Amino acid sequence: MRMMKSLLAATALMTLMSGAAYAKTLVYCSEGSPEGFDPGLYTSGTTFDAASRTIYNRLLEFKHGSTELEPGLAESYTVSDDGLVYTFKLRSGVKFQTTDYFTPTRDMNADDVVFSFERQLDSNNPFNQYVAGAVYEYAQAMGFPGLIKSVEKVDDLTVKFTLNQPNSPFLADLGMDFASIVSKEYADKLKAAGNENDFNQKPIGTGPFTFVAYQPDAVIRYKANPDYYKGKEKIDDLVFAITPDATVRVQKLKSGECQIMPYPNAADVADLKADSNLTVLEQAGLNVAYLAYNTTQPPFDKVEVRKALNMAVDKKAVVQAVFQGLAEVAKNPIPPTMWSYNNDIQDDPYDPEKAKQMLADAGVKDLTMNIWAMPVSRPYMLNARRAAEIIQAGFAKIGVTANIVTYEWGDYLKRAGQKDHDGAVILGWTGDNGDPDNFLATLLGCDGVGTSNNVAEFCDPKFDDLTKKAAATADMAERTKLYEEAQVEFKAQAPWMTLDHSTVVMPMSKKVIGYKQDPLGIHRFDGVDLAE
Amino acid sequence: MLQYLLRRLAILIPTFIGVSLVAFAFIRVLPGDPVLLLAGEHGMSPERHAEAMHLLGFDQPLPIQYLNYLAGILHGDFGQSIVTKRAVLSEFFARFPATLELSICAMILAAGIGIPAGVLAAIKRGSTFDHGIMGSALVGYSMPIFWWGPLLIILFSGILRWTPVSGRISLLYYFPQRTGFMLIDSLLSGQPGALASAVSHLILPAIVLATIPLAVIARQTRSAMLEVLGEDYMRTARAKGLPPSRVIGLHALRNAMIPVITTIGLQVGVLMAGAILTETIFSWPGVGKWMVDSVFRRDYTVIQGGLLIIALIIMMVNLAVDILYGLINPRIRRQ
């Protein structure tokens, strides 16, 4: 024990001594290892936190703490009258990071922008398969191959995107992680040397932090980029201490081994709030969880049946049991923090008696159905099994027998995506870009039928028309009106039982200054400072 | 001895083929595939799914996939991770020193405490000490790691603040990894305090990982010792007037060691299994944590490659135990 104590004393002493040398190091206890550092290749938030938001920039950026867009690497843009041509004027003098493995010889220009998109969209681009089996899933998921006709360089600082059809959400898509701008010069250099794989392991971007080193599954180190176009960050070093266990993250935060952490267990939140050294930020997440009825299968093809089932469940009980209050009951398919949220809509009341009557009126007797419960915990639904049990109990009260079924996650999504799947499916969504189109059209549009996006297999002509019109309109006020109307139609048709919008909790040391929670669930450290 | 060795080596070949088949089939039996998981909630058309599966090479018939995989292994190529796009073998060896370091320390702890505890319990059979040791061993053996790890963290790191919570070394130290063994690298770095930091980070995970093997070793040592202590030659040794330390240390312990060494050999597999949980809890960047992540990501090549490499290592350890056996007990190698 004496030995251990002296060892610990020595460690503590060293910690103090080296404190001065490592001034302003922010340690973030991250929840997992990044899959790589090329944001084009991946879809997970963990990878985006570690790669795109730290190391890279995009043409347009989301304002810190909001889903509003602001100029990024593009200083300004113009849209042609027919909504098909977007011309971006690039910022001049933006430098790619200088590291021990790459020194740029020129500033960021139109070649880099064209390359950043073409490598993902054109399978003949020499860098498309720079690693075998590269699947640019996010660009695919956002429909870029079908949407973008061409990306062209007009001059060194001007790039022109031509679309196949007008699409207002396109601008918000450009703020997304997969649309990060990478260095063509660096890619060319790696290709010449036959080290293409380094593109995904030793990243070079224009962002606020420069990559220093990654020890797999342990730690990622960055330093402030001295050449950052917005000026050097206030913290000198940023460290991601990879800590997958939520309980351990909490302990590390409390003991000062890190200053900020994501995703605490709901059970730990009260304890964290009670700690006088910590601040706990909370924000409504840009997400929704729902129970989607297969609207093509009887009896769920009848709107009265869907409405009756919606009225049979006490959704407050779901929120309490699953989130211990850290969520709010959902009435619309988009979260309240999103523009065009229609607050005038009244949710279906919890009224089992009336629900029973409505079922009888619809001629439905002795209904037996399946409720699908997701096997994984997601930010919008921590425990689908528990939620399913409460829904099951609610249905039982109106004489509906529900069996809870579940499948392995990949299989679950695959089966739920099949058009003729049975019963009702619990699923949810976290917004990609803050545009209502990303919820309403993606999850409920006719185009999504037969995929795991639209598991209600909902194809309502009026709703589809409204969202399509909104996507083709550039005027914000007009779009807002159309989306508000679409929500009214959604409520009238009731393809889902909307369950909840969860709250995102972010505990941190009181020394952390200027951290803003991001509605898109991204963890950003630009603009953050540490008190001495 | 040579014949004995060759016999042992011959057994390895069918075992290797069996393991490679199991490793290959294991992940494919599970429903779901890497492409679906990559897309997550984002729906994917069947055409796009087929295209992505083709890009990853999973559209070929299973026997062809297996033969390609086997051919690769025979050339020392365990494939490339679907997710990180790096060679499986280099990913493995980047993490293996961390697991090995933790396992060796845990084994030293388990054997260093387990054997003396077992011997003492056997000598003092029926005493309170004996009951205490065996009772603790039973508790240790039944201790679930996922509960025991966080419990120790909360007590020693959270409340008492004696040890760091997780990781291999304080983040304040940053030096190149020369061997991958943090104890050695921290010593080589010459940075004052680095070794102490590495040791303090190793204590809790080593205790957690050592708990089950320690219990097993203590129980095995005790029962082996009791058996040997009842033998005629022990009575003879005592009757000759040998001092008790010689009777126990030379005659009893040496003969009791054979089953104990077997147990220790078998515990290597247990350590590997335990490392999966221990590493996840303590954010220890080793092979166990890497495998868990890969299962969740359906990283087929990593799972099958990782399983195979781990199985190979366990096979080698068992071979070493067999050889050690032969050395300790001449009767075995003549069989």
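Taken in order, these protein sequences are the chains called D and H.
Each residue of the first sequence is one higher than the one before, counting from 244 in this note's numbering.
Each residue of the second sequence is one higher than the one before, counting from 3 in this note's numbering.
Just so it is clear, CB atoms sit at the ideal spot from N, CA and C, and this is done for glycine as well.
Since this is a predicted model, take the numbers as computed values, not measurements.
Residue burial classification, residue i (beta-carbon count within 10 angstroms, cutoff 16)
i	result
Asp-234(H)	exposed
Asp-609(D)	exposed
Trp-149(H)	exposed
Leu-329(H)	exposed
Met-719(D)	exposed
Arg-248(H)	exposed
Gly-336(D)	exposed
Lys-248(D)	Unreliable positioning characterises Lys-248(D) in this predicted model, as indicated by a pLDDT of 48, which lies under 50. A coordinate reading is not provided.
Thr-673(D)	buried
Lys-242(H)	exposed
Pro-446(D)	buried
Gly-169(H)	buried
Gln-62(H)	exposed
Asn-438(D)	exposed
Asp-761(D)	buried
Cβ-Cβ separation, residue j to residue i (assumed contact under 8 Å), whole Å
i	j	result
Asn-508(D)	Thr-490(D)	7 Å
Gln-179(H)	Asp-187(H)	6 Å
Asp-324(H)	Arg-10(H)	5 Å
Leu-417(D)	Arg-301(D)	6 Å
Val-90(H)	Gly-308(H)	7 Å
Leu-104(H)	Leu-197(H)	No, Leu-104(H) and Leu-197(H) are not in contact; Cβ-Cβ is about 16 Å, not under 8 Å.
For residue i, the nearest candidate out of the options (CA to CA)
i	options	result
Asn-257(H)	Met-184(H), Leu-69(H) and Asn-331(H)	Asn-331(H)
Leu-529(D)	Val-747(D), Asn-300(D), Phe-291(D) and Leu-303(D)	Val-747(D)
Ile-588(D)	Ile-577(D), Gly-418(D), Asp-690(D) and Glu-596(D)	Ile-577(D)
Thr-405(D)	Ala-382(D), Glu-380(D) and Phe-331(D)	Phe-331(D)
Leu-204(H)	Arg-221(H), Phe-158(H), Ala-239(H) and Gln-62(H)	Phe-158(H)
Met-184(H)	Ile-311(H), Phe-98(H), Phe-94(H) and Ala-241(H)	Phe-98(H)
Gln-567(D)	Met-624(D), Phe-701(D), Lys-754(D) and Ala-375(D)	Met-624(D)
Leu-269(D)	Gln-502(D), Ala-735(D) and Gln-444(D)	Gln-502(D)
Met-136(H)	Ile-209(H), Gly-116(H) and Ile-147(H)	Gly-116(H)
Ser-776(D)	Lys-396(D), Gly-671(D), Pro-314(D) and Glu-311(D)	Residue 776(D) lies beyond the residue range present for chain D, which begins at 244 and ends at 775; the question has no answer from this structure.
Asp-440(D)	Leu-104(H), Leu-57(H), Leu-69(H) and Val-85(H)	It is Asn, not Asp, that sits at residue 440(D) in the sequence shown. Among Leu-104(H), Leu-57(H), Leu-69(H) and Val-85(H), the Cα nearest to that of Asn-440(D) belongs to Val-85(H).
Val-328(D)	Phe-305(D), Arg-492(D), Lys-475(D) and Leu-390(D)	Leu-390(D)
Lys-427(D)	Leu-414(D), Lys-338(D) and Gln-383(D)	Lys-338(D)
Tyr-320(D)	Lys-396(D), Glu-380(D) and Val-402(D)	Val-402(D)
Val-523(D)	Ala-605(D), Ser-366(D) and Val-493(D)	Val-493(D)
Lys-705(D)	Pro-679(D), Lys-734(D) and Glu-721(D)	Lys-734(D)
Thr-453(D)	Val-619(D), Ala-293(D), Tyr-655(D) and Asn-676(D)	Ala-293(D)
Ala-713(D)	Asp-479(D), Tyr-533(D), Val-698(D) and Gly-688(D)	Gly-688(D)
Thr-303(H)	Leu-14(H), Pro-16(H), Leu-4(H) and Phe-26(H)	Phe-26(H)
Beta-ladder partner(s) of residue i, from DSSP
i	result
Met-749(D)	Leu-524(D)
Ala-254(H)	The partner list for Ala-254(H) (beta bridge, DSSP) is empty, contrary to what the question assumes.
Glu-571(D)	His-744(D)
Glu-700(D)	Note: Glu-700(D) sits in no beta bridge, so no partner.
Ala-787(D)	This structure leaves residue 787(D) out entirely; chain D is present only between 244 and 775.
Phe-98(H)	Its beta-bridge partners do not exist; DSSP assigns none.
Ala-317(D)	Leu-333(D)
Gln-5(H)	Partner(s): none; Gln-5(H) has no beta bridge.
Arg-621(D)	Met-624(D)
Gln-458(D)	Val-462(D)
Terminal residues of the alpha helix (DSSP H) in which residue i lies
i	result
Asn-681(D)	680 to 687
Lys-396(D)	Segment 391 to 398 is the beta strand (DSSP E) holding Lys-396(D); no alpha helix (DSSP H) there.
Cys-272(D)	Per DSSP, Cys-272(D) belongs to no alpha helix (DSSP H); it is in the beta strand (DSSP E), 268 to 273.
Leu-69(H)	64 to 76
Gly-499(D)	Per DSSP, Gly-499(D) belongs to no alpha helix (DSSP H) and is neither H nor E.
Gly-288(D)	288 to 293
Ala-54(H)	48 to 57
Thr-348(D)	Run containing Thr-348(D): none; DSSP gives neither H nor E here.
Delimiting residues of the beta strand (DSSP E) encompassing residue i
i	result
Pro-314(D)	312 to 314
Lys-332(D)	328 to 333
Asn-530(D)	530 to 536
Thr-644(D)	644 to 648
Lys-403(D)	401 to 406
Ile-634(D)	Ile-634(D) -> not in any beta strand (DSSP E); alpha helix (DSSP H) instead, spanning 627 to 640.
Asn-613(D)	611 to 615
Glu-304(D)	303 to 305
Phe-483(D)	480 to 485
Thr-673(D)	667 to 673
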